[in-house]
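Worksheet: the structure to be examined is printed underneath.
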Amino acid sequence: MQTIRRLAELRPALSVFWSAGEDIALVPTMGALHAGHMALVAEAKLAARRVVVSIFVNPRQFGANEDLSRYPRKDLADARMLAEAGVDILWMPSVDEVYPAGFATTVSVAGVSEGLDGAARPGHFDGVATVVAKLFNQVRPHVALFGEKDFQQLAVIRRMVADLDFGIDIRGVPTQRDDDGLALSSRNIYLVAEDRAKAIALPRALGVAATTIAKNGKPDDALATARDTLTAAGFTVDYVELVDAETLGKPAPGRPRRLLAAARIAGTRLIDNIAVNEEG
813 MQTIRRLAEL RPALSVFWSA GEDIALVPTM GALHAGHMAL VAEAKLAARR VVVSIFVNPR
873 QFGANEDLSR YPRKDLADAR MLAEAGVDIL WMPSVDEVYP AGFATTVSVA GVSEGLDGAA
933 RPGHFDGVAT VVAKLFNQVR PHVALFGEKD FQQLAVIRRM VADLDFGIDI RGVPTQRDDD
993 GLALSSRNIY LVAEDRAKAI ALPRALGVAA TTIAKNGKPD DALATARDTL TAAGFTVDYV
1053 ELVDAETLGK PAPGRPRRLL AAARIAGTRL IDNIAVNEEG
(Lines of atoms letter the chains of each structure in order from A and count residues from 1; the text may use other names and numbers.)
(Lines give C-alpha, C1' and ligand atoms only; values in the text may rest on other atoms or scores of the structure.)
Protein backbone atom coordinates (compact mmCIF):
# COMPACT_ATOMS: atom_id res chain seq x y z
CA MET A 1 0.00 0.00 0.00
CA GLN A 2 1.23 3.47 -0.89
CA THR A 3 0.69 6.21 1.70
CA ILE A 4 0.55 9.57 -0.06
CA ARG A 5 0.27 13.00 1.52
CA ARG A 6 0.73 15.42 -1.38
CA LEU A 7 -1.46 15.91 -4.45
CA ALA A 8 1.61 16.20 -6.64
CA GLU A 9 2.45 12.60 -5.70
CA LEU A 10 -1.13 11.29 -5.79
CA ARG A 11 -1.76 12.09 -9.43
CA PRO A 12 1.20 10.09 -10.83
CA ALA A 13 0.28 7.11 -8.63
CA LEU A 14 -3.30 7.17 -9.87
CA SER A 15 -2.22 7.64 -13.47
CA VAL A 16 -0.85 4.08 -13.43
CA PHE A 17 -4.38 2.81 -12.71
CA TRP A 18 -6.02 5.17 -15.21
CA SER A 19 -3.58 4.18 -17.95
CA ALA A 20 -4.27 0.50 -17.32
CA GLY A 21 -8.01 1.11 -17.55
CA GLU A 22 -8.54 -0.10 -13.99
CA ASP A 23 -11.64 0.92 -12.05
CA ILE A 24 -11.02 2.86 -8.84
CA ALA A 25 -13.16 2.81 -5.70
CA LEU A 26 -12.84 5.59 -3.11
CA VAL A 27 -13.69 5.28 0.57
CA PRO A 28 -13.55 8.73 2.23
CA THR A 29 -12.99 8.63 6.02
CA MET A 30 -11.84 10.78 8.90
CA GLY A 31 -9.75 7.96 10.34
CA ALA A 32 -10.04 6.27 13.75
CA LEU A 33 -11.10 3.28 11.70
CA HIS A 34 -13.34 0.50 13.01
CA ALA A 35 -15.28 -2.44 11.59
CA GLY A 36 -17.79 -0.10 9.98
CA HIS A 37 -15.07 1.50 7.88
CA MET A 38 -13.59 -1.87 7.03
CA ALA A 39 -16.99 -3.02 5.75
CA LEU A 40 -16.79 -0.10 3.31
CA VAL A 41 -13.32 -1.22 2.25
CA ALA A 42 -14.56 -4.77 1.73
CA GLU A 43 -17.38 -3.53 -0.49
CA ALA A 44 -14.93 -1.29 -2.35
CA LYS A 45 -12.73 -4.27 -3.17
CA LEU A 46 -15.75 -6.02 -4.68
CA ALA A 47 -16.72 -2.92 -6.64
CA ALA A 48 -13.42 -2.02 -8.31
CA ARG A 49 -9.96 -3.31 -9.18
CA ARG A 50 -8.20 -0.59 -7.18
CA VAL A 51 -9.15 0.88 -3.81
CA VAL A 52 -8.19 4.31 -2.46
CA VAL A 53 -9.02 5.24 1.14
CA SER A 54 -8.72 8.83 2.27
CA ILE A 55 -8.14 9.90 5.87
CA PHE A 56 -8.74 13.58 6.46
CA VAL A 57 -10.25 15.19 9.55
CA ASN A 58 -12.06 17.98 7.77
CA PRO A 59 -12.14 21.18 9.86
CA ARG A 60 -14.85 22.71 7.66
CA GLN A 61 -17.50 20.27 8.84
CA PHE A 62 -16.98 20.96 12.54
CA GLY A 63 -18.82 23.79 14.27
CA ALA A 64 -17.18 26.26 16.64
CA ASN A 65 -18.13 24.27 19.75
CA GLU A 66 -17.65 20.77 18.33
CA ASP A 67 -14.91 18.19 18.88
CA LEU A 68 -12.37 18.94 16.15
CA SER A 69 -9.44 19.27 18.56
CA ARG A 70 -10.17 15.98 20.34
CA TYR A 71 -11.49 13.95 17.42
CA PRO A 72 -9.67 10.58 17.67
CA ARG A 73 -6.61 10.22 15.44
CA LYS A 74 -4.96 6.80 15.03
CA ASP A 75 -2.91 7.16 11.88
CA LEU A 76 -0.47 4.28 12.44
CA ALA A 77 -3.14 1.79 13.49
CA ASP A 78 -5.37 2.91 10.62
CA ALA A 79 -2.58 2.44 8.08
CA ARG A 80 -1.90 -1.08 9.36
CA MET A 81 -5.57 -2.04 9.07
CA LEU A 82 -5.81 -0.72 5.53
CA ALA A 83 -2.58 -2.38 4.40
CA GLU A 84 -3.77 -5.71 5.79
CA ALA A 85 -7.08 -5.25 3.94
CA GLY A 86 -5.27 -4.84 0.61
CA VAL A 87 -5.94 -1.14 0.00
CA ASP A 88 -3.85 0.24 -2.86
CA ILE A 89 -3.47 3.87 -1.82
CA LEU A 90 -3.97 5.65 1.50
CA TRP A 91 -4.49 9.34 0.75
CA MET A 92 -3.65 11.39 3.88
CA PRO A 93 -3.38 15.06 2.93
CA SER A 94 -2.75 17.85 5.43
CA VAL A 95 -5.21 20.69 5.97
CA ASP A 96 -2.94 23.02 3.98
CA GLU A 97 -2.86 20.54 1.11
CA VAL A 98 -6.67 20.41 0.93
CA TYR A 99 -7.30 24.08 1.72
CA PRO A 100 -4.25 26.03 0.51
CA ALA A 101 -3.83 29.74 1.13
CA GLY A 102 -6.50 31.72 -0.69
CA PHE A 103 -9.02 28.86 -0.82
CA ALA A 104 -12.40 30.54 -1.29
CA THR A 105 -14.91 28.01 -2.65
CA THR A 106 -17.79 26.33 -0.85
CA VAL A 107 -20.13 23.67 -2.25
CA SER A 108 -23.65 23.98 -0.85
CA VAL A 109 -26.45 21.47 -1.47
CA ALA A 110 -29.94 22.81 -0.79
CA GLY A 111 -32.97 20.77 0.22
CA VAL A 112 -31.64 17.52 1.66
CA SER A 113 -29.07 19.38 3.77
CA GLU A 114 -31.44 21.79 5.48
CA GLY A 115 -33.19 19.83 8.24
CA LEU A 116 -32.08 17.27 10.81
CA ASP A 117 -28.27 17.56 11.20
CA GLY A 118 -28.30 20.53 8.85
CA ALA A 119 -30.43 22.44 11.35
CA ALA A 120 -28.58 21.13 14.40
CA ARG A 121 -25.11 21.76 12.92
CA PRO A 122 -25.22 24.87 10.71
CA GLY A 123 -22.63 24.77 7.92
CA HIS A 124 -21.80 21.11 8.51
CA PHE A 125 -23.00 19.83 5.16
CA ASP A 126 -21.36 22.68 3.26
CA GLY A 127 -18.10 21.42 4.73
CA VAL A 128 -18.93 17.83 3.83
CA ALA A 129 -19.94 18.63 0.26
CA THR A 130 -16.89 20.82 -0.31
CA VAL A 131 -14.33 18.28 0.88
CA VAL A 132 -16.03 15.34 -0.86
CA ALA A 133 -16.14 17.29 -4.13
CA LYS A 134 -12.41 17.92 -3.73
CA LEU A 135 -11.73 14.25 -3.02
CA PHE A 136 -13.70 13.25 -6.09
CA ASN A 137 -11.68 15.62 -8.26
CA GLN A 138 -8.39 14.48 -6.71
CA VAL A 139 -8.99 10.74 -7.03
CA ARG A 140 -11.47 10.62 -9.94
CA PRO A 141 -13.04 7.35 -8.74
CA HIS A 142 -15.55 5.29 -10.66
CA VAL A 143 -17.38 4.36 -7.45
CA ALA A 144 -17.42 5.81 -3.93
CA LEU A 145 -18.75 4.13 -0.80
CA PHE A 146 -20.36 5.71 2.26
CA GLY A 147 -21.98 4.24 5.36
CA GLU A 148 -25.73 4.47 5.78
CA LYS A 149 -25.23 5.43 9.44
CA ASP A 150 -24.62 8.97 8.14
CA PHE A 151 -27.84 8.78 6.15
CA GLN A 152 -28.32 12.49 5.56
CA GLN A 153 -24.70 12.85 4.47
CA LEU A 154 -25.27 10.06 1.94
CA ALA A 155 -28.35 11.89 0.59
CA VAL A 156 -26.39 15.15 0.30
CA ILE A 157 -23.56 13.48 -1.61
CA ARG A 158 -25.95 11.71 -3.97
CA ARG A 159 -27.69 14.99 -4.72
CA MET A 160 -24.38 16.78 -5.32
CA VAL A 161 -23.10 14.03 -7.63
CA ALA A 162 -26.32 14.10 -9.67
CA ASP A 163 -26.46 17.90 -9.85
CA LEU A 164 -22.81 18.43 -10.79
CA ASP A 165 -22.52 15.53 -13.25
CA PHE A 166 -19.66 13.79 -11.47
CA GLY A 167 -20.59 10.49 -13.07
CA ILE A 168 -19.59 8.53 -9.96
CA ASP A 169 -21.52 5.52 -8.69
CA ILE A 170 -22.40 6.35 -5.06
CA ARG A 171 -23.09 3.27 -2.96
CA GLY A 172 -24.46 3.17 0.55
CA VAL A 173 -23.31 0.36 2.83
CA PRO A 174 -25.59 -0.79 5.70
CA THR A 175 -24.80 0.42 9.20
CA GLN A 176 -22.44 -1.86 11.08
CA ARG A 177 -23.39 -2.48 14.73
CA ASP A 178 -21.99 -3.92 17.93
CA ASP A 179 -23.60 -7.08 19.26
CA ASP A 180 -26.01 -5.04 21.40
CA GLY A 181 -27.17 -2.97 18.41
CA LEU A 182 -25.27 0.29 18.91
CA ALA A 183 -24.08 1.69 15.59
CA LEU A 184 -20.30 1.68 15.25
CA SER A 185 -18.81 5.16 15.36
CA SER A 186 -15.38 6.66 15.92
CA ARG A 187 -16.99 8.80 18.63
CA ASN A 188 -18.03 5.75 20.68
CA ILE A 189 -14.51 5.84 22.09
CA TYR A 190 -15.58 8.88 24.13
CA LEU A 191 -18.12 6.84 26.11
CA VAL A 192 -17.15 5.52 29.53
CA ALA A 193 -18.62 2.13 30.47
CA GLU A 194 -21.69 3.54 32.22
CA ASP A 195 -22.61 5.81 29.30
CA ARG A 196 -21.85 3.07 26.77
CA ALA A 197 -24.38 0.87 28.55
CA LYS A 198 -26.98 3.64 28.37
CA ALA A 199 -26.27 4.33 24.70
CA ILE A 200 -28.06 1.18 23.52
CA ALA A 201 -31.31 3.00 24.30
CA LEU A 202 -30.85 4.82 20.98
CA PRO A 203 -31.11 1.87 18.55
CA ARG A 204 -33.70 0.21 20.78
CA ALA A 205 -35.94 3.29 20.82
CA LEU A 206 -35.69 3.57 17.04
CA GLY A 207 -36.53 -0.10 16.61
CA VAL A 208 -39.63 0.17 18.78
CA ALA A 209 -40.74 3.35 17.01
CA ALA A 210 -40.21 1.85 13.54
CA THR A 211 -42.24 -1.24 14.42
CA THR A 212 -45.04 0.84 15.95
CA ILE A 213 -45.24 3.16 12.93
CA ALA A 214 -45.27 0.25 10.51
CA LYS A 215 -48.09 -1.45 12.42
CA ASN A 216 -50.45 1.44 13.10
CA GLY A 217 -49.36 4.20 10.71
CA LYS A 218 -49.40 6.83 13.48
CA PRO A 219 -45.90 8.30 13.67
CA ASP A 220 -46.48 11.24 16.02
CA ASP A 221 -47.11 9.15 19.13
CA ALA A 222 -44.28 6.77 18.29
CA LEU A 223 -41.82 9.61 17.78
CA ALA A 224 -42.87 11.28 21.03
CA THR A 225 -42.43 7.98 22.89
CA ALA A 226 -38.96 7.53 21.39
CA ARG A 227 -37.94 11.03 22.50
CA ASP A 228 -39.26 10.40 26.01
CA THR A 229 -37.47 7.03 26.17
CA LEU A 230 -34.16 8.61 25.19
CA THR A 231 -34.57 11.46 27.66
CA ALA A 232 -35.31 8.98 30.45
CA ALA A 233 -32.15 7.07 29.50
CA GLY A 234 -30.03 10.18 29.99
CA PHE A 235 -29.90 11.54 26.43
CA THR A 236 -30.41 15.11 25.31
CA VAL A 237 -32.35 14.72 22.09
CA ASP A 238 -31.58 16.82 19.01
CA TYR A 239 -34.23 15.16 16.86
CA VAL A 240 -36.16 11.97 16.17
CA GLU A 241 -37.94 12.29 12.82
CA LEU A 242 -39.62 10.18 10.16
CA VAL A 243 -38.74 11.31 6.63
CA ASP A 244 -38.90 10.28 2.99
CA ALA A 245 -35.87 8.05 2.45
CA GLU A 246 -34.77 9.90 -0.71
CA THR A 247 -35.74 13.56 -0.28
CA LEU A 248 -35.59 13.61 3.55
CA GLY A 249 -38.79 15.64 3.39
CA LYS A 250 -42.26 14.77 4.63
CA PRO A 251 -42.98 11.08 3.93
CA ALA A 252 -45.68 10.32 1.36
CA PRO A 253 -47.87 7.22 1.10
CA GLY A 254 -46.19 4.37 -0.75
CA ARG A 255 -42.73 5.94 -0.57
CA PRO A 256 -39.75 4.44 1.33
CA ARG A 257 -39.40 5.96 4.79
CA ARG A 258 -36.53 6.38 7.20
CA LEU A 259 -36.48 7.10 10.90
CA LEU A 260 -33.50 9.28 11.88
CA ALA A 261 -32.28 10.39 15.29
CA ALA A 262 -29.48 12.37 16.90
CA ALA A 263 -28.96 12.65 20.64
CA ARG A 264 -26.20 13.41 23.13
CA ILE A 265 -25.17 11.37 26.14
CA ALA A 266 -22.51 12.70 28.50
CA GLY A 267 -21.56 15.25 25.83
CA THR A 268 -21.07 12.69 23.04
CA ARG A 269 -23.37 13.12 20.06
CA LEU A 270 -24.62 9.90 18.50
CA ILE A 271 -26.69 9.46 15.34
CA ASP A 272 -28.61 6.49 14.03
CA ASN A 273 -31.37 5.61 11.58
CA ILE A 274 -33.57 2.72 10.55
CA ALA A 275 -35.82 1.93 7.61
CA VAL A 276 -39.56 1.85 8.23
CA ASN A 277 -41.52 -0.52 6.04
CA GLU A 278 -45.16 -1.45 5.77
CA GLU A 279 -44.63 -4.91 7.26
CA GLY A 280 -42.81 -3.69 10.39
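Every number in the numbering used here is 812 more than the matching position in the sequence shown, counting from 1. C-beta: ideal position from N, C-alpha, C; glycine also. Just so you know, these numbers come straight off a predicted model, no measurement behind them.
A direct Cα-to-Cα measurement between Glu-1053 and Val-839 gives close to 28 Å.
With a contact defined as Cβ atoms closer than 8 Å, Asp-900 and Val-863 qualify at about 5 Å.
Annotation note: the region 910 to 976 contains the following uninterrupted beta strand (DSSP E) runs of length 3 or greater, listed N- to C-terminal: 955 to 959. Non-local C-beta neighbours of Ala-1022 in its own chain, meaning closer than 6 Å and more than five positions away in sequence, comprise Leu-1071, Ile-1086 and Val-1088, ordered along the chain.
Here the C-alpha atom of Asp-1056 lies approximately 6 Å from the C-alpha atom of Pro-1068. Apart from sequence neighbours up to five positions away, the residues of its chain that approach Gly-875 with a beta-carbon distance below 6 Å are Arg-933, ordered along the chain. When beta bridges are read from the DSSP output, Leu-902 appears opposite Thr-815 and Val-865. If you draw a 10 Å sphere on the C-beta of Thr-917, you find fewer than 16 other C-beta atoms in it, and that means exposed. Judged by DSSP secondary structure, Val-1088 falls outside any alpha helix (DSSP H) and instead within the beta strand (DSSP E) spanning 1080 to 1088.
Secondary structure of Leu-996 (DSSP, three-state): coil.
The criterion of a C-beta distance shorter than 7 Å is not satisfied by Pro-1015 and Leu-1042. Rounded to the nearest whole angstrom, the CA to CA distance from Glu-1006 to Arg-1076 is 14 Å. By the Cβ neighbour-count rule, Phe-963 is buried, with 16 or more other Cβ atoms within 10 Å of its own. Cβ-Cβ distances below 8 Å link Val-951 to Leu-822, Leu-826, Ile-836, Leu-838, Val-864, Ser-866 and Trp-903 in the same chain, with the five nearest sequence neighbours on each side left out; the list follows chain order. Asp-1007: not part of any beta strand (DSSP E); member of the alpha helix (DSSP H) spanning 1005 to 1011, first to last residue.
Approximately 7 Å separates the beta-carbon atoms of Glu-855 and Arg-983; this is inside 8 Å, confirming the contact. For Thr-1059, no beta strand (DSSP E) run applies, since DSSP gives it neither H nor E.
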